[in-house]
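Numbering (mature numbering (1 follows the signal peptide of the UniProt record, and there is no 0)), first residue to last: -27 to -1, 1 to 165.
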(Lines of atoms letter the chains of each structure in order from A and count residues from 1; the text may use other names and numbers.)
(Lines give C-alpha, C1' and ligand atoms only; values in the text may rest on other atoms or scores of the structure.)
Protein backbone atom coordinates (compact mmCIF):
# COMPACT_ATOMS: atom_id res chain seq x y z
CA UNK A 1 0.00 0.00 0.00
CA UNK A 2 2.86 2.31 0.81
CA UNK A 3 4.29 1.65 -2.61
CA UNK A 4 0.97 2.40 -4.23
CA UNK A 5 0.61 5.72 -2.39
CA UNK A 6 4.20 6.58 -3.25
CA UNK A 7 3.55 5.68 -6.89
CA UNK A 8 0.36 7.77 -6.98
CA UNK A 9 2.21 10.68 -5.30
CA UNK A 10 5.01 10.57 -7.86
CA UNK A 11 2.46 10.31 -10.67
CA UNK A 12 0.49 13.31 -9.39
CA UNK A 13 3.68 15.33 -9.00
CA UNK A 14 4.70 14.52 -12.56
CA UNK A 15 1.24 15.42 -13.81
CA UNK A 16 1.38 18.74 -11.92
CA UNK A 17 4.75 19.54 -13.52
CA UNK A 18 3.37 18.79 -16.96
CA UNK A 19 0.20 20.83 -16.42
CA UNK A 20 1.93 23.82 -14.85
CA UNK A 21 5.01 23.85 -17.02
CA UNK A 22 5.93 27.47 -17.85
CA UNK A 23 6.95 28.10 -21.40
CA UNK A 24 8.03 31.21 -23.26
CA UNK A 25 5.20 33.01 -25.00
CA UNK A 26 5.63 35.56 -27.74
CA UNK A 27 3.14 38.15 -28.87
CA UNK A 28 3.20 41.10 -31.23
CA UNK A 29 3.65 44.54 -29.71
CA UNK A 30 2.12 47.50 -31.52
CA UNK A 31 2.93 51.16 -31.25
CA UNK A 32 0.43 53.72 -32.51
CA UNK A 33 2.06 56.84 -33.93
CA UNK A 34 0.03 59.95 -34.61
CA UNK A 35 1.15 63.16 -36.23
CA UNK A 36 0.15 66.77 -36.46
CA UNK A 37 -2.45 67.77 -39.05
CA UNK A 38 -0.06 70.03 -40.98
CA UNK A 39 3.52 71.35 -40.91
CA UNK A 40 4.05 74.47 -38.79
CA UNK A 41 6.41 77.40 -38.52
CA UNK A 42 7.22 79.91 -35.82
CA UNK A 43 5.68 83.38 -36.21
CA UNK A 44 7.71 85.95 -38.14
CA UNK A 45 7.60 89.72 -37.71
CA UNK A 46 9.16 91.79 -40.48
CA UNK A 47 10.85 95.08 -39.70
CA UNK A 48 11.19 98.13 -41.93
CA UNK A 49 13.45 98.73 -44.90
CA UNK A 50 16.21 101.28 -44.41
CA UNK A 51 15.16 104.83 -45.33
CA UNK A 52 16.30 106.16 -48.70
CA UNK A 53 17.24 109.73 -49.67
CA UNK A 54 16.34 110.18 -53.34
CA UNK A 55 19.22 111.20 -55.64
CA UNK A 56 17.65 110.91 -59.10
CA UNK A 57 19.09 107.44 -59.84
CA UNK A 58 17.75 103.91 -59.41
CA UNK A 59 18.35 102.99 -55.80
CA UNK A 60 17.82 99.95 -53.61
CA UNK A 61 17.12 99.23 -49.99
CA UNK A 62 17.21 95.83 -48.30
CA UNK A 63 15.49 93.94 -45.51
CA UNK A 64 16.48 90.62 -43.94
CA UNK A 65 13.91 87.86 -43.59
CA UNK A 66 13.84 87.10 -39.84
CA UNK A 67 15.03 83.68 -38.68
CA UNK A 68 12.24 81.13 -38.16
CA UNK A 69 11.76 77.42 -37.51
CA UNK A 70 9.79 74.96 -39.64
CA UNK A 71 8.50 71.73 -38.09
CA UNK A 72 6.98 68.81 -39.97
CA UNK A 73 5.59 66.44 -37.34
CA UNK A 74 2.83 65.10 -39.60
CA UNK A 75 4.47 61.74 -40.20
CA UNK A 76 2.95 61.79 -43.70
CA UNK A 77 6.03 62.31 -45.86
CA UNK A 78 3.93 64.65 -48.04
CA UNK A 79 6.53 67.42 -48.09
CA UNK A 80 5.79 71.08 -47.49
CA UNK A 81 6.47 74.54 -48.86
CA UNK A 82 6.90 78.05 -47.49
CA UNK A 83 5.75 80.96 -49.65
CA UNK A 84 6.81 84.59 -49.18
CA UNK A 85 4.21 87.05 -50.45
CA UNK A 86 4.14 90.83 -50.50
CA UNK A 87 1.43 93.22 -51.59
CA UNK A 88 2.27 95.96 -54.07
CA UNK A 89 4.05 98.86 -52.37
CA UNK A 90 1.76 101.89 -52.08
CA UNK A 91 1.31 104.93 -49.88
CA UNK A 92 -1.66 106.14 -47.86
CA UNK A 93 -1.88 109.62 -49.40
CA UNK A 94 -5.26 110.90 -50.59
CA UNK A 95 -3.91 110.38 -54.11
CA UNK A 96 -2.31 106.93 -53.75
CA UNK A 97 1.04 106.24 -55.38
CA UNK A 98 2.34 102.72 -56.02
CA UNK A 99 5.62 101.13 -57.03
CA UNK A 100 5.63 98.67 -59.92
CA UNK A 101 4.91 95.06 -59.00
CA UNK A 102 8.09 93.05 -59.15
CA UNK A 103 10.06 95.80 -57.39
CA UNK A 104 10.76 93.48 -54.44
CA UNK A 105 13.02 90.48 -55.10
CA UNK A 106 14.90 87.85 -53.14
CA UNK A 107 18.60 88.62 -53.54
CA UNK A 108 20.05 86.26 -50.93
CA UNK A 109 18.48 82.90 -50.10
CA UNK A 110 18.37 81.87 -46.44
CA UNK A 111 20.25 78.81 -45.28
CA UNK A 112 18.40 75.78 -43.87
CA UNK A 113 19.91 73.71 -41.05
CA UNK A 114 18.69 70.92 -38.80
CA UNK A 115 17.06 71.89 -35.52
CA UNK A 116 16.91 68.20 -34.55
CA UNK A 117 19.88 66.07 -35.69
CA UNK A 118 17.58 63.18 -36.62
CA UNK A 119 15.44 65.20 -39.02
CA UNK A 120 15.54 64.43 -42.75
CA UNK A 121 18.72 65.86 -44.30
CA UNK A 122 18.60 69.59 -45.07
CA UNK A 123 19.33 68.84 -48.73
CA UNK A 124 15.80 67.41 -49.07
CA UNK A 125 14.65 71.05 -48.92
CA UNK A 126 15.03 73.25 -52.00
CA UNK A 127 15.62 76.96 -51.45
CA UNK A 128 14.38 79.54 -53.96
CA UNK A 129 16.70 80.90 -56.60
CA UNK A 130 17.56 84.57 -56.28
CA UNK A 131 17.68 87.48 -58.67
CA UNK A 132 15.37 89.65 -60.76
CA UNK A 133 12.90 86.84 -61.46
CA UNK A 134 12.55 85.94 -57.76
CA UNK A 135 9.77 88.49 -57.26
CA UNK A 136 7.83 88.72 -54.02
CA UNK A 137 5.34 91.59 -54.47
CA UNK A 138 3.32 90.18 -57.37
CA UNK A 139 0.36 88.87 -55.39
CA UNK A 140 1.26 85.22 -55.99
CA UNK A 141 4.52 85.38 -54.05
CA UNK A 142 7.66 83.32 -54.18
CA UNK A 143 8.07 79.72 -53.07
CA UNK A 144 10.92 80.33 -50.63
CA UNK A 145 11.34 76.70 -49.48
CA UNK A 146 10.11 73.38 -50.82
CA UNK A 147 10.54 70.06 -48.98
CA UNK A 148 10.42 67.02 -51.25
CA UNK A 149 8.02 64.12 -50.74
CA UNK A 150 9.53 61.93 -47.99
CA UNK A 151 11.87 64.83 -47.13
CA UNK A 152 11.69 67.75 -44.75
CA UNK A 153 10.46 65.52 -41.92
CA UNK A 154 11.51 66.93 -38.56
CA UNK A 155 12.44 70.47 -37.55
CA UNK A 156 14.66 73.05 -39.25
CA UNK A 157 16.15 76.48 -38.63
CA UNK A 158 15.74 78.86 -41.56
CA UNK A 159 18.16 81.77 -41.83
CA UNK A 160 20.09 80.99 -38.65
CA UNK A 161 23.52 81.66 -40.19
CA UNK A 162 22.64 83.29 -43.52
CA UNK A 163 19.43 85.29 -43.50
CA UNK A 164 17.34 85.69 -46.61
CA UNK A 165 17.64 89.19 -48.01
CA UNK A 166 14.95 91.04 -49.95
CA UNK A 167 15.88 94.01 -52.13
CA UNK A 168 13.46 96.77 -53.08
CA UNK A 169 14.34 98.57 -56.31
CA UNK A 170 13.31 102.24 -56.44
CA UNK A 171 13.13 103.66 -59.97
CA UNK A 172 13.24 107.47 -60.17
CA UNK A 173 10.40 107.64 -62.72
CA UNK A 174 7.86 106.34 -60.16
CA UNK A 175 9.22 107.06 -56.67
CA UNK A 176 7.76 109.95 -54.71
CA UNK A 177 9.03 111.32 -51.41
CA UNK A 178 6.52 109.50 -49.21
CA UNK A 179 6.21 106.32 -47.15
CA UNK A 180 5.39 103.15 -49.09
CA UNK A 181 3.94 100.09 -47.39
CA UNK A 182 3.68 96.42 -48.33
CA UNK A 183 2.25 93.60 -46.25
CA UNK A 184 4.79 90.75 -46.17
CA UNK A 185 3.54 87.28 -45.29
CA UNK A 186 5.19 83.87 -44.88
CA UNK A 187 2.83 80.89 -45.16
CA UNK A 188 3.42 77.15 -44.92
CA UNK A 189 1.40 74.47 -46.70
CA UNK A 190 1.52 70.71 -47.25
CA UNK A 191 3.16 69.46 -50.44
CA UNK A 192 6.34 70.43 -52.28
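C-beta: ideal position from N, C-alpha, C; glycine also. These numbers come from a predicted model, not from an experiment.
Check	Outcome
So for residue 3, helix, strand or coil by DSSP?	coil
Do you know whose CA, among -3, 145, 165, lies nearest residue 100's CA?	165
Taking residue 142 and residue 76 to be in contact with their CB atoms under 8 Å, please state how far apart those CB atoms are, rounded to whole angstroms.	5 Å
Around the Cβ of residue 97, are there at least 16 other Cβ atoms within 10 angstroms (buried) or fewer (exposed)?	buried
On the DSSP bridge list, what partners appear for residue 248?	Outside the displayed span of the chain (-27 to 165) sits residue 248, for which this structure offers no information.
Say whether the stretch 20 to 27 touches the stretch 46 to 62, bearing in mind that this needs 3 or more beta-carbon pairs closer than 8 Å, one atom from each stretch.	no
Quick one, are the C-beta atoms of residue 176 and residue 56 less than 8 Å apart?	Absent from the model: residue 176. The displayed extent of the chain is -27 to 165, so no value can be given.
What do you reckon, are the CB atoms on residue 33 and residue 145 nearer than 8 Å?	no
Step through the CB atoms of chain C and report whether any lies within less than 8 Å of the CB of residue 24.	This model lacks chain C altogether; it includes just one protein chain.
Which residue comes first and which comes last in the beta strand (DSSP E) that contains residue 139?	138 to 143
Nearest CA to the CA of residue 27: which residue from 153, 154, 148?	148
Using beta-carbon positions only, say whether residue 43 and residue 119 come within less than 8 Å of one another.	no
Closer than 7 Å by C-beta to residue 107: which residues in its own chain qualify, once you throw out the five before and the five after it? Chain order, please.	78, 79, 101, 115
So the beta strand (DSSP E) residue 100 belongs to, where does it begin and stop?	98 to 100
Quick one: what does DSSP say residue 165 is sitting in, helix, strand or coil?	coil
Can you tell me the Cα-Cα spacing of residue 163 and residue 47, whole angstroms?	10 Å
Please go through the same chain and pick out, in chain order, the residues whose beta-carbon is closer than 6 Å to the beta-carbon of residue 36, but skip the five residues on each side of it.	22, 139
Could you tell me which whole beta strand (DSSP E) segments of length 3 or greater appear in the stretch 37 to 96?	41 to 45, 53 to 59, 77 to 81, 85 to 87
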